[in-house]
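Asks:
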Amino acid sequence: MTHSPALASERPASAPPLKKRTTPMKRKQRLAAYLFLVPFFIVFITMLVVPLVYAGYLSLFESKLIGGDVFAGLANYVRALTDSAFLAGLGRVGLFFIIQVPIMLGLALFLALALDSARGRGSKAVRLLIFVPYAVPAVVATLMWGYLYGPDFGPIAQISRAVGLGTPDFLSPESILGSMMNIVTWEFVGYNMIIMYAALRSIPAELYEAAEIDGAGQFRLAWSIKIPAIRPALMLTVIFSIIGSFQLFAEPSLLNAIAPDAISTSFTPNYYAYNLAFINQELNYAAAIAFLLGVVIAIVSYFVQLAGERRERVGHAERGIEP
Amino acid sequence: MTSIDTSLITTDDASDGTASPPRTGRRYSPEGRRSLLLTILLWLCVLYFVLPLWWLFVSSTKNNSALFSTFGMWFGGDFSLWENLQTLFTVRDGIFLRWMLNTFVYAFVSAAGATLLATMAGYSFAKYDFPGKKLLFSATLGAVMIPLTALALPTYLLFSQAGLTDTPWAVIIPSLVSPFGVYLMRVYAADAIPDGLIEAARVDGAGEFRIFAQVGLRLLGPGLVTVFLFSLVATWNNYFLPLIMLNSSELYPITVGLAQLQSAASAGGGSQALFSTVITGSFVSILPLVIAFLFLQRYWQSGLASGGVKG
Amino acid sequence: MNKKARRTAVALVTGAVSIGLLVTGCTPSSSDESTQESVSQDDIDTAMTTPTKLTFWTWVPDIENEVALFEAKYPAIDVTVENVGQGLPHYQKLRSAIEAGEGAPDVTQIEYQYIPSFVLNNSLLDLTAYGADDLSSDYVDWAWNQVSPDEEVWAIPQDVGPMGNLYREDILTAAGITEPPATWDDYAAAAKTVKDTTGSYISNVGATQAGQMIGFLWQAGVKPFGYDGSETVSIDVNSDEAKKVADYWTDLIQQDLISTDVDFQDQWYQGLASGKYAGWLTAAWGPIFLQGTAEATTGLWRAAPLPQWNAGDEVSGNWGGSSDAVLASSENKIAAYELAKFINNDEESAMRLATEQFLFPPQVSVLEDPAFVDQESEFYGGQKVNELFAEISQTVDTDFQWLPYMDYVYSSYEDTVGTVIADKGDISGALDVWQDQLVTYATDQGFTVE
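Chains as they are written, first to last, in this note's numbering: chain A, 123 to 445; chain B, 3 to 313; chain C, 4 to 453.
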């Protein structure tokens, strides 16, 4: 259920394993290895695994306000799979993923490549200013965009009216998903750009020199050398974006205060799970929803990665490069 | 993107930049061949990212009536920044300052702890071979796929059993888990610490912990800064965890405090003046991180751009 | 990780294990056999002179002032006031703490409609044994019925929100309307005149504001909810009477005579201040609230009773208000009760709540006190607004009840009725959907639906 082995296998991970009989020396090292892991795993287990197991356990029960807890087996999961609110929310974040993530990552990639080419003026300032929104908490970002979107006093509406375009309604049920995509894009382009930019900076010079001899232009250079070279970094940003979109929570929950008529309680699966647990008092069902969402994320991540790997192979074959 | 899981997600995906194996030599750089079109495009993008923050600044200089009667992107009405700041820092006996301090403490302690744990674990994954390694590593990363919002109540119940709710620990301890910090440090350590160096130290008779402390930590410098910084931001911006864990307003971090001020402003009680206070508070709350980014850029960028991998 | 953190981590593991053993981690521990014998004066004296710490969760601003009066009277009692959030966040935290069996306060603010949901899981202390019965005559009837629908007394009323009509006299006059509309028919006619001549909406119905709509239903004599205190509920949000109210608003909204902006948002505040709305159908806490919101319009507003369904009637509904309850888990029940009682029953404390925090009082003594009712408000052109609402308060239907899961009722309202109002759709139809959701939820949760 995890993508990690594939991710990790992108590069050689560690010292060459010595596959001999365990010597006392090896045993000592092994002990040290475990000891180094202990502090992290104590916190990991108590903070993540235990609540997870507990929630998994809860998801097998049905709790009623009258009558208390009854073992329900997989009933909560069955219910979720036929729950139109959950499925609609899933569809919504799926749409979010399909539309927003390419825009966000495309913009980030464009900016990273542009900065890396060093052809614009003030690159250093640009890099920094684009990264700044990452330092803004979602609470503040949403509050701010809430004002900016305002139909009467928001500056966007003010400008739109001044040039005769009428008043755009960013907070209507039809447009709220788009408005949310914009907020998330604003928050995270800089962050993704920095990851890509850092990867670009560590492409070895030899690769460029070869291309330079060929007389390749900037676009060729970007397309056939730079982008393939940072493919692992790109894959990482994609995986994080999958998790981020499917787990969308802060933005809908904060926007709900501004546009309650546009954001239903099941707007995103994660927000739905939260409302189920805290408002409907259906903790058990909420836990089942959360697990199903985790499974969906794992499956999507897996297939995206598979697709990425296949493209990589095809790409290598096309260029006649040994993988 | 989400708030409770930011501590997991946003910590350090920066990794991949650092992740690449060490490269040598600076590459070809086409200095002097500037493109006007590209410059314009870049600065247009900058406008998109900066204008909302500009609005935030401009609005924090306005009083309530100017807030809703003047053009949002430019100053208007009386210049009320000082009055707003004064209100902000005196509202409810100056609790805003307290919130800022709490945020500092939570963020720094969490980031330091998360970095240490992630470094030790990452080093272990990178430099040792042991049974169960693959499984443990997969579990570390796989756990991130389950959304933690639904675990809020179970987690709360556990904390409550341990008597930790409504204490700073309830915010700090969960923030110590940084699976991607582990991932980053694993990849980083694999590159940055030559196995030969470790072997040589062993031959010299150094213990494993001494090797880690004296050889490993020194070489992991830029990676440490990166993990630290991203953990810091994650805790700084965390909203959901402190929201469910804390009851006393003197323990709130700035995010929860601001949200509470905001809801108080909306609920009124004849206190509409709070709108400009909330906006000013939002502006002030992002200043420390923005300034830290500006001044520390050399450090975090070097950590990201793995140039200094050689130590 | 320092030593302390490590120790806490260990403690957490232990805690985790013990939670794991608690198979039914979700069932709240029911209160002990409540002692039906009354508490004697001796017990009270002992309790009030023993050094005690109490925690009080409330979001009333500056309630520390009233608490200080209490502490001055009982120096042995030390009260910590905590504001854990307002409305929903407050109840979520309260529930979490109750479920965890630890960290819940001794005394909590609680809005009337949420009392049944905490009675349901035995979280509230029945205050009859502590003498709360004797207080019933100190409060207006309908407010007392809210905290004591049956034998038991679950809380002490703190403030209420009988509904009235705040309107811009200048705008109505400009439209040629000199008297506030007396009936809903008059109101509809006035809405048209006001819109046609001045461009203002006569008022705004918050699209997702269940409290206001329920207040309208309350006034119309609709009994949408019922709860017997144990396992039976009745749900009737789509009765003919309710639909009559719904159709009335559908009609006005579809004619664009009533706006449906989400209330308590900056746009809405500006609408009040700018004259976009010529009025606000609101509760008794509204006048002061409005005064802080629309300062520039001082002197232009007036207050009146709600329009009536039948000419000559005098009925109103309620929107908002809250009480203070004692948690069954409190270890200092007597002191906790005395605090809840003092805050809302002590003459000085109640008077200060009404005149300094502007909570509209349910206490008869305050409602009759000239210092309160004779206040003339400049914002309302010198009108005695308190007096008017004190009179309205006498006209609120006394038997209104709630369901023991109002969190869900409201969120479901938002998803069904709220979105329809925002879309200017058919509210009656939305009531049917809302009814279905509420019944389904009740059945799923094991209630018997009558």
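Note that the Cβ used here is the ideal one computed from N, Cα and C, for glycine as well.
Using a cut-off of 8 Å between C-beta atoms, extract the partners of A:Leu187 located in chain C.
Replies: Neighbours of A:Leu187 on chain C, chain order: Leu123, Asn124, Pro407, Tyr408, Gln448, Gly449 and Phe450.
Asks: So who's on the other strand from B:Gln2, going by DSSP bridges?
Replies: Chain B is shown from 3 up to 313; residue 2 of chain B falls before or after that span and cannot be answered.
Asks: With the cut-off set at 7 Å, would you say B:Thr105 and B:Pro255 are in Cβ contact?
Replies: Yes. Within cutoff.
Asks: At 3 residues or longer, and completely inside the region 140 to 219 of chain C: list those beta strand (DSSP E) runs for me, N to C.
Replies: For the region 140 to 219 of chain C, whole beta strand (DSSP E) runs of length 3 or above, ordered along the chain, are 159 to 171.
Asks: Please go through the same chain and pick out, in chain order, the residues whose beta-carbon is closer than 8 Å to the beta-carbon of C:Glu74, but skip the five residues on each side of it.
Replies: These residues qualify, in order along the chain: Ile80, Asp81 and Val82.
Asks: How is B:Trp84 classed by DSSP in three states: helix, strand or coil?
Replies: B:Trp84 falls in the helix class under three-state DSSP.
Asks: Can you tell me the Cα-Cα spacing of C:Leu97 and B:Trp171, whole angstroms?
Replies: Cα to Cα, the separation comes out at about 20 Å.
Asks: Residues of chain A with CB closer than 8 Å to the CB of C:Asp269, please, in chain order.
Replies: Those within 8 Å of C:Asp269 in chain A are Tyr269, Gly272 and Phe275.
Asks: Contact criterion: CB-CB distance below 7 Å. Does B:Arg220 meet it with respect to chain A?
Replies: By this cut-off, B:Arg220 is not an interface position.
Asks: Which chain A residues are close to C:Gln273, counting only those with a beta carbon under 8 Å from its beta carbon?
Replies: The contacting residues are Asp274 and Phe275.
Asks: Less than 7 Å separating the beta-carbons of A:Leu415 and A:Tyr407?
Replies: No. Outside cutoff.
Asks: I'd like the ranges of any beta strand (DSSP E) spanning at least 3 consecutive residues and lying wholly in the region 200 to 235 of chain A.
Replies: Entirely contained in the region 200 to 235 of chain A, not one beta strand (DSSP E) run reaches 3 residues.
Asks: Quick one: using the 10 Å Cβ neighbour count with 16 as the cut-off for buried, is B:Trp84 buried or exposed?
Replies: Exposed.
Asks: Please classify A:Arg241: is it buried, with 16 or more other beta-carbons within 10 angstroms of its beta-carbon, or exposed?
Replies: Buried, since its Cβ has 16 or more Cβ neighbours within 10 Å.
Asks: So, with DSSP's three-state summary, where would you put C:Gln386?
Replies: Strand, per DSSP.
Asks: Since C:Lys56 is in the beta strand (DSSP E), which residue starts that stretch and which ends it?
Replies: Unbroken beta strand (DSSP E) run through C:Lys56: Thr55 to Trp60.
Asks: Please classify C:Ala433 as buried or exposed, where buried requires at least 16 other C-beta atoms within 10 Å of its C-beta.
Replies: Its Cβ being crowded by 16 or more others within 10 Å, C:Ala433 is buried.
Asks: If you compare alpha carbons, which of C:Ala245, C:Met216 and C:Glu234 is closest to C:Val225?
Replies: When each option's Cα is compared against that of C:Val225, the closest is C:Ala245.
Asks: Does DSSP put C:Ile80 in a helix, a strand or coil?
Replies: Strand at C:Ile80.
Asks: Starting from C:Asp48 and walking both ways along the beta strand (DSSP E), at which residues does that stretch end?
Replies: Per DSSP, C:Asp48 belongs to no beta strand (DSSP E); it is in the alpha helix (DSSP H), Gln44 to Thr52.
Asks: With a threshold of 8 Å, are at least 3 pairs of Cβ atoms found where one atom belongs to the region 191 to 203 of chain A and the other to the region 364 to 378 of chain A?
Replies: No, the region 191 to 203 of chain A is not in contact with the region 364 to 378 of chain A.
Asks: Output the distance between the C-alpha atoms of B:Ala114 and B:Phe230, rounded to the nearest integer angstrom.
Replies: Taking the straight line joining both Cα atoms gives about 6 Å.
Asks: Kindly say whether A:Gln222, judged by its beta-carbon, lies nearer than 7 Å to any beta-carbon of chain B.
Replies: By this cut-off, A:Gln222 is not an interface position.
Asks: Can you tell me whether C:Ala287 is helix, strand or coil according to DSSP?
Replies: In the structure shown, C:Ala287 sits in coil (DSSP, three-state: anything other than H, G, I, E or B).
Asks: Find out if the Cβ-Cβ distance for the pair A:Pro259, B:Asn239 is shorter than 7 Å.
Replies: Yes; because the gap between Cβ atoms is below 7 Å, this pair is in contact.
Asks: Give a yes or no on whether 7 Å exceeds the smallest Cβ distance from C:Gln89 to chain B.
Replies: So yes, C:Gln89 belongs to the interface.
Asks: My output table needs one value for C:Asp264: the three-state DSSP class, helix, strand or coil.
Replies: In the structure shown, C:Asp264 sits in coil (DSSP, three-state: anything other than H, G, I, E or B).
Asks: State the beta-bridge partners of C:Gln311 as determined by DSSP.
Replies: DSSP output for C:Gln311 lists C:Thr186 as bridge partner(s).
Asks: Counting only C-beta atoms, is B:Thr282 closer than 7 Å to chain A at any point?
Replies: It does not; no Cβ of chain A falls within 7 Å.
Asks: Beta-carbon within less than 7 Å of A:Tyr271's beta-carbon, same chain only, minus the 5 sequence neighbours each way: which residues are those?
Replies: Excluding residues within five positions, the ones whose Cβ falls inside 7 Å are Ile278, Phe292, Leu293 and Ser301.
Asks: Using DSSP with H/G/I as helix, E/B as strand and the rest coil, what is C:Asn321?
Replies: Three-state result, C:Asn321: strand.
Asks: Verify whether the separation of the beta carbon atoms of A:Ala381 and A:Ile298 is less than 7 Å.
Replies: Yes, the pair counts as a contact, with Cβ atoms nearer than the cut-off.
Asks: Name the residues in the region 62 to 80 of chain B whose C-beta lies less than 7 Å from a C-beta of chain A; which are they?
Replies: Answer in chain order: Phe70, Phe73, Gly74 and Met75.
Asks: Classify C:Asp418 as buried or exposed, calling it buried when 16 or more other Cβ atoms lie within 10 Å of its own Cβ.
Replies: With 16 or more other Cβ atoms within 10 Å, it is buried.
Asks: Which of the residues in the region 206 to 226 of chain C, read from start to end, lie with their CB under 8 Å from any CB of chain E?
Replies: Included in the structure are the protein chains A, B and C, with no chain E among them.
Asks: Just to check my reading of the structure: C:Val236 and C:Pro407 have Cβ atoms closer than 8 Å, yes? What is that Cβ distance to the nearest angstrom?
Replies: About 7 Å separates the two Cβ atoms, so the contact holds.
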